[in-house]
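With positions in the sequence shown counted from 1, the corresponding number in this note's numbering is that position plus 493. Heads up, the beta-carbon is just placed ideally off N, CA and C, and yes, glycines get one too. None of the values given here were measured: they were computed from a predicted structure.
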Amino acid sequence: MAAELEERIRLAYEARASMHADPGLEAYRLFHGYGEGGPGLLIDRYGDVVLIENRGAEARDVAIASRVLQRLDEFSCIVLKERGQDPRALLGTLPSERTVVRENGLSYWVETWAPRNPGLYLDARPARDWLQSNSHGRRVLNLYSYAGSLGVASIAGGARSVIHVDTQKRALARCQENHRLNDQRTDARDLERVDAVKMLRKAATSGRRFSGIIVDPPPPGVGAGDVATPISLAPYLANVAEPGAWILCFFHHDPRSWDELEAVMGNSLDRPYEPIWRGRSGPDFPESTAERDLRLSALLLP
Ligand SMILES: C[S@@+](CC[C@H](N)C(=O)[O-])C[C@H]1O[C@@H](n2cnc3c(N)ncnc32)[C@H](O)[C@@H]1O
């Protein structure tokens with residue numbers, strides 16, 4: 494069994510050879526246990542720091558993973574995160590300073606010691622790439638912004654403005670820090686600390702309109718209260734989307750087919766729409782079940 498896991502991690506590492514060789518890509522998943530034969534084990538690289546996230550694997554498997562990784566590459570630190578415990582270093586010293594990682598020409602702050610996400614969702618990389626190519630001249634609304642990487646990508650793609658909406662003060666501060674890191678001008682008025690639905694309701698009545706809307710609510714099971722989805726928000730989104738706007742939807746853990754998700758989304762918008770793009774997480778997130786996959790859909794509202 495130990496030999497099997499070792500081999501799977503080694504194969505996963507080799508399958509990402511083009512990512513290791515890309516000097517412009519410093520953060521990606523090294524081993525996606527769900528799809529690569531190590532359930533409960535997720536391994537991410539942020540520069541020369543590796544994060545092992547244990548979501549139910551045996552302690553022995555974590556030790557194997559750490560050992561194989563040290564043989565495969567020269568990492569300065571391997572951090573282990575386990576539910577209910579403080580992150581700890583299996584190799585090197587737990588970083589205490591935030592660091593910067595590069596992706597597709599942009600830089601992002603990451604806190605690799607943080608108990609939760611370090612500041613950059615690696616599965617959203619294809620969305621950031623899409624935004625860099627499809628934001629030109631748009632007024633973008635980034636709902637559930639977290640640290641703002643999607644807005645940074647939009648501005649890099651020529652967006653005229655980006656408004657970030659999040660309930661967490663710290664998340665909005667990180668948006669500002671990430672914009673600054675990329676020499677993008679920011680204004681405190683572009684950061685709105687408010688519930689997304691409240692913001693959308695108010696924007697509808699006050700006549701605010703957007704030509705690009707990003708909808709990435711927390712996946713089911715994360716946080717308290719009712720879970721918003723792009724579909725549940727659709728009636729509000731339709732009110733603030735100007736003609737020609739796109740809506741970039743993040744569908745997390747939804748058993749419905751892609752066609753069905755887009756059709757239900759379109760019906761809930763109650764406006765003509767045209768699907769213009771579909772995306773998934775990158776090849777570093779091979780999934781064994783379609784419904785666990787993140788699915789990204791961009792819909793154009795003519
Ligand atoms: C999954 S993260 C979004 C990730 C982000 N789009 C990215 O790519 O980095 C979810 C974010 O939604 C925020 N959030 C949760 N409930 C919210 C609400 N009701 N209104 C606005 N933001 C909310 C959380 O604070 C968190 O930062």
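- Per DSSP, the unbroken alpha helix (DSSP H) holding E755 starts and ends at 751-762.
- A residue is called buried once 16 or more other Cβ atoms fall within 10 Å of its Cβ, and D709 is buried on that count.
- Around the beta carbon of R609, fewer than 16 other beta carbons lie within 10 angstroms, which makes this residue exposed.
- The way I'd put it, the stretch 734-749 does touch the stretch 699-709; three or more beta-carbon pairs between them come closer than 8 Å.
- Taking 7 Å as the cut-off, the Cβ atoms of Y521 and L615 count as close.
- N635 is the residue among N635, V543, S569 whose C-alpha sits nearest the C-alpha of R686.
- Distance from the CA atom of N597 to the CA atom of G540, rounded to whole angstroms, is 14 Å.
- Annotation: A582 is outside any alpha helix (DSSP H); the continuous beta strand (DSSP E) that includes it extends over 581-584.
- Approximately 4 Å separates the beta-carbon atoms of V594 and E519; this is inside 8 Å, confirming the contact.
- Runs of the beta strand (DSSP E) lying entirely within the stretch 582-607, each at least 3 residues long, are 592-596, 599-603 in chain order.
- Between R538 and the set A791, L793, D777, the nearest pair of CA atoms involves D777.
- Within 6 Å of the C-beta of S790 there is not a single heavy atom belonging to ligand 1.
- A direct Cα-Cα distance of roughly 36 Å separates D680 from I545.
- When distances are taken from the beta-carbon of S647 to the heavy atoms of ligand 1, even the shortest one reaches 6 Å or more.
- The three-state reading of DSSP puts Y639 in coil, since its state is none of H, G, I, E or B.
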